[in-house]
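2 protein chains.
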Amino acid sequence: MGNATIGRPRGFDADEALERAMHVFWEHGYEGACLTALTDAMGINKTSLYAAFGNKEQLFLKVLDRYADGPAGYAQRALEEPTARAVVEALLRGAAETTTRPDSPAGCLGVQAALPASDGNRCAHEALVEWRNTAAVRLEERFRRAVDEGDLPADADPHELATYVSTVAQGIAVQAANGLDRDALQRIVDTTLRQWAP
Amino acid sequence: MGNATIGRPRGFDADEALERAMHVFWEHGYEGACLTALTDAMGINKTSLYAAFGNKEQLFLKVLDRYADGPAGYAQRALEEPTARAVVEALLRGAAETTTRPDSPAGCLGVQAALPASDGNRCAHEALVEWRNTAAVRLEERFRRAVDEGDLPADADPHELATYVSTVAQGIAVQAANGLDRDALQRIVDTTLRQWAP
DNA sequence: CGCGTTCAAAACCGGTCGGTACAGAAGTGA
DNA sequence: TCACTTCTGTACCGACCGGTTTTGAACGCG
Chain A
1 MGNATIGRPR GFDADEALER AMHVFWEHGY EGACLTALTD AMGINKTSLY AAFGNKEQLF
61 LKVLDRYADG PAGYAQRALE EPTARAVVEA LLRGAAETTT RPDSPAGCLG VQAALPASDG
121 NRCAHEALVE WRNTAAVRLE ERFRRAVDEG DLPADADPHE LATYVSTVAQ GIAVQAANGL
181 DRDALQRIVD TTLRQWAP
Chain B
1 MGNATIGRPR GFDADEALER AMHVFWEHGY EGACLTALTD AMGINKTSLY AAFGNKEQLF
61 LKVLDRYADG PAGYAQRALE EPTARAVVEA LLRGAAETTT RPDSPAGCLG VQAALPASDG
121 NRCAHEALVE WRNTAAVRLE ERFRRAVDEG DLPADADPHE LATYVSTVAQ GIAVQAANGL
181 DRDALQRIVD TTLRQWAP
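Protein chains in written order, with the UniProt record's numbering: chain A, 1 to 198; chain B, 1 to 198.
Here you go:
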């Protein structure tokens, strides 16, 4: 914050610190990630954390942005596939891959970081609900385009299809948290695609 | 605990206290449910809670049993349907209904109470993972029977189908936590069933 | 150089966490 | 009535929570 050229330069890489914080929230959830766990992983102390990121809530929101652009970037890229079917496949395979990376926690940060709402995590919970619902809306818009293009049948319902596919994607995230490995999740995608007949 | 006829009788209904505790865990999750919130809802104080239920972990495990037999009882009953398709429909409609009851928290206790694992909730987390995975195994066994009976085609894969259906059910639980209403979830079930062609 | 700014480490804050110890009240059976 | 058991309420425990303040050193710039 403030002018970057004045004063003592920051002794840590804020970007890498954010990356490490992301992994802590990813693994333990918002409430389960205590400040000491965060600062230990980030390699900084609490004062530096507050100076650089505000507080726990704001840190989490920054982490969520980073997650959306990084590990969850597959969701955006999937929308660029040429056909609705290819969009679905890219989205679900991306979910299966991202939730089972060997050097990242199992599951999806966007799903498991704050699924129930309690007093302490309301801000994170609401941000995540909005994040997930927004992803569904983007998918719906993409399906609507597919209908316009004749890629999907005229009587297909973009909203219903998008909600369904989002549900499978979020279910995959839960299955990853259940310990299913990547192959098992990819077979879920296979099964979903085998039935895909909008 | 101990002889029920000797000593001062318990001043509260343990069964109803358990029911209220279930709602607290359901809404706030395991970590988000602090002892004061639990005792307030249960109408007892901490000493009584510990005497009657052990500790927070054990209370949660008792709550989970109650949840499995109560609100989540639809999962057991669904297995008794005569056809695989009817099983799937009963399971998913039960999930849609149970996660959107007007006088219960949104979502599924079994999914959202402890999805990520942290230091404080490891016991609950593991119990829930096992609970969800066991449900999938039961479903797989049911599908295997359906193959034997000729209800499902001989080349159907009971394991893959059960994993897929479990994934949709768990996805529905997440969508309920996202705030989708009962009708929206039932339309997800409609979409799933429309595509059901094992 | 010295000034201003930002760093980092630690002590510290009130509050709350899950869990207990204790004492008294309330019921039982004899 | 009595001893006995088990209840309840309160006060309390150490540990840790998220967050702040203090302190002093490190640094860029004029």
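Just so it is clear, CB atoms sit at the ideal spot from N, CA and C, and this is done for glycine as well.
The model shown is predicted, which means the values in this text are computed figures rather than measured ones.
Requested in this report: Measure from the alpha carbon of L115(B) to the alpha carbon of each residue in E130(B), P105(B), S104(B), P102(B), then state which is nearest.
Outcome: Ranking the options by Cα distance to L115(B), first place goes to E130(B).
Query raised in the report: Below 8 angstroms, can you find three or more Cβ-Cβ pairs linking the stretch 64-75 of chain A to the stretch 156-168 of chain A?
Result: Three or more beta-carbon pairs separated by less than 8 angstroms are not found between the stretch 64-75 of chain A and the stretch 156-168 of chain A, which leaves the two stretches without contact.
Query - Proximity of V24(B) and L38(B) at Cβ, strictly below 8 angstroms - result: Contact flag set, yes.
**Report entry** Contacting residues, own chain, Cβ-Cβ under 7 angstroms from K56(B) (five flanking each side not counted)
**Finding:** For K56(B), the CB contacts under 7 angstroms within the same chain, skipping 5 residues up- and downstream, are L35 in chain order.
Query raised in the report: Can you name, in chain order, every residue of its own chain whose Cβ lies under 7 angstroms from the Cβ of residue 201(A), other than the five neighbours on each side?
Result: Given a span of 1 to 198 for chain A in the structure shown, any question on residue 201(A) remains unanswerable.
**Report entry** chain B contact residues for I44(A), given Cβ-Cβ distances below 8 angstroms
**Finding:** Under the 8 angstroms cutoff, chain B gives no residues; its nearest Cβ is about 21 angstroms from I44(A).
Requested in this report: Sort A33(B), T134(B), G70(B) by Cα distance to L59(B) and report the nearest one.
Outcome: Ranking A33(B), T134(B), G70(B) by Cα distance to L59(B) puts A33(B) first.
Query raised in the report: Whose CA, out of T47(A), K46(A), D183(A), lies closest to the CA of R101(A)?
Result: Among T47(A), K46(A), D183(A), the Cα nearest to that of R101(A) belongs to D183(A).
Requested in this report: Count the other CB atoms, across all protein chains shown, that sit within 10 Å of the CB of L193(B); report buried if there are 16 or more and exposed otherwise.
Outcome: With fewer than 16 neighbouring CB atoms inside 10 Å of its own CB, L193(B) falls in the exposed class.
Requested in this report: Have a look at E126(B) and L180(A) and give me their C-alpha separation to the nearest angstrom.
Outcome: Computed Cα separation, rounded: 14 angstroms.
Query - Best match in D103(B), Q76(B), T134(B) for proximity to L91(B) [C-alpha to C-alpha] - result: The shortest C-alpha separation from L91(B) is found at Q76(B).
Report task. State yes or no: is the C-beta of L79(B) within less than 8 angstroms of the C-beta of V88(B)? Result -> Cβ distance not < 8 angstroms, so L79(B) and V88(B) don't count as in contact.
Query - Endpoints, alpha helix (DSSP H) assigned at C34(B) - result: Premise fails: C34(B) is in no alpha helix (DSSP H) and is neither H nor E.
Query raised in the report: By Cβ distance, which residues of its chain are closer than 7 angstroms to K46(B), with the 5 residues on each side in sequence left out?
Result: Apart from sequence neighbours up to five positions away, the residues of its chain that approach K46(B) with a beta-carbon distance below 7 angstroms are L35, T39, ordered along the chain.
Query raised in the report: Is the Cβ of Y74(A) closer than 8 angstroms to any Cβ of chain B?
Result: Answer no: the Cβ-Cβ gap between Y74(A) and chain B never drops below 8 angstroms.
Report task. Could you please give the first and the last residue of the uninterrupted alpha helix (DSSP H) stretch that includes F60(A)? Result -> F60(A) -> alpha helix (DSSP H) spans 56-69.
Report task. Within the same chain, show all residues whose beta-carbon is closer than 7 angstroms to that of R142(B), passing over the 5 residues directly before and after it, in chain order. Result -> If we look at R142(B) and ignore the five residues flanking it on each side, its Cβ neighbours are L79, V87.
Query raised in the report: In chain B, which residues lie with their C-beta within 8 angstroms of the C-beta of H28(A)?
Result: The answer, in chain order, is P116, A117, S118, D119.
Report task. Just the chain B side, please: which residues come within less than 7 angstroms of Q112(A) by C-beta, in chain order? Result -> Contact annotation for Q112(A) against chain B: L115, P116 [CB-CB distance below 7 angstroms, chain order].
Query raised in the report: Would a C-beta distance cut-off of 8 angstroms place T191(B) and Y164(A) closer than the cut-off?
Result: Against a cut-off of 8 angstroms, the Cβ pair of Y164(A) and T191(B) comes out as a contact.
Report task. Please name the residue, chosen from Q175(A), D119(A), A162(A), that lies closest to E140(A) on a Cα-to-Cα basis. Result -> Looking at the Cα atoms, A162(A) is the closest of the given residues.
Query raised in the report: Does DSSP classify L38(A) as helix, strand or coil?
Result: Shown here, L38(A) sits in a helix according to DSSP, grouped into three states.
Query raised in the report: Which residues in the same chain have their Cβ closer than 6 angstroms to the Cβ of M42(A), if we skip the five residues on either side of it in sequence?
Result: Taken in chain order, the residues that qualify are A17, R20, A21.
Query raised in the report: At what residues does the alpha helix (DSSP H) containing S48(B) begin and finish?
Result: In the DSSP annotation of this structure, the continuous segment of the alpha helix (DSSP H) that includes S48(B) starts and ends at 46-53.
Requested in this report: May I have the straight-line CA-CA distance separating E160(A) from Q195(A), to the nearest angstrom?
Outcome: Spanning the two alpha carbons is a distance of roughly 15 angstroms.
Query raised in the report: Measuring CB to CB, does A113(A) end up less than 8 angstroms from G171(A)?
Result: Going by beta carbons, A113(A) and G171(A) fall outside the 8 angstroms limit.
Requested in this report: Starting from the beta carbon of residue 199(A), find every residue of chain B whose beta carbon is closer than 7 angstroms, and list them in chain order.
Outcome: The requested residue 199(A) is not part of the displayed model; chain A covers only 1 to 198.
Query raised in the report: In angstroms, rounded to a whole number, what distance separates the CA positions of F12(B) and I44(B)?
Result: About 8 angstroms.
Report task. From the DSSP output, in three-state form, read off W196(A) for me. Result -> DSSP places W196(A) in coil when its eight states are reduced to three.
Requested in this report: Under the assumption that G110(B) contacts R132(B) (Cβ atoms under 8 angstroms), give the Cβ distance between them as a whole number of angstroms.
Outcome: Contact between G110(B) and R132(B) is confirmed by a C-beta separation of about 6 angstroms, below the 8 angstroms threshold.
Query - C-beta neighbour in chain B for M1(A), strict 8 angstroms - result: Confidence is the limiting factor: at M1(A) the pLDDT is only 38, short of 50, which leaves the residue's position unreliable and the question unanswerable from this model.
Query - Contacts of E31(A) in chain B (Cβ-Cβ under 8 angstroms) - result: Within chain B, the C-beta atoms nearer than 8 angstroms to that of E31(A) come from G29, E31, G32, S118, in chain order.
Query raised in the report: Any idea if R10(A) is buried or exposed, counting beta-carbon neighbours within 10 angstroms, 16 or more meaning buried?
Result: So R10(A) ends up on the exposed side.
Report task. Please determine, among A95(A), R85(A), P82(A), the residue with the shortest C-alpha to C-alpha distance to G70(A). Result -> Per the Cα distances, A95(A).
**Report entry** Chain-ordered chain B contacts of A124(A) [CB-CB under 7 angstroms]
**Finding:** Near A124(A) there are no residues of chain B at all, since even the closest Cβ is about 11 angstroms away, more than 7 angstroms.
Query raised in the report: Near residue 199(B), which residues of its chain fall below 6 angstroms by C-beta distance, leaving aside the five closest residues on each side in sequence?
Result: Only positions 1 to 198 of chain B appear in the structure, and residue 199(B) is not among them; the question remains open.
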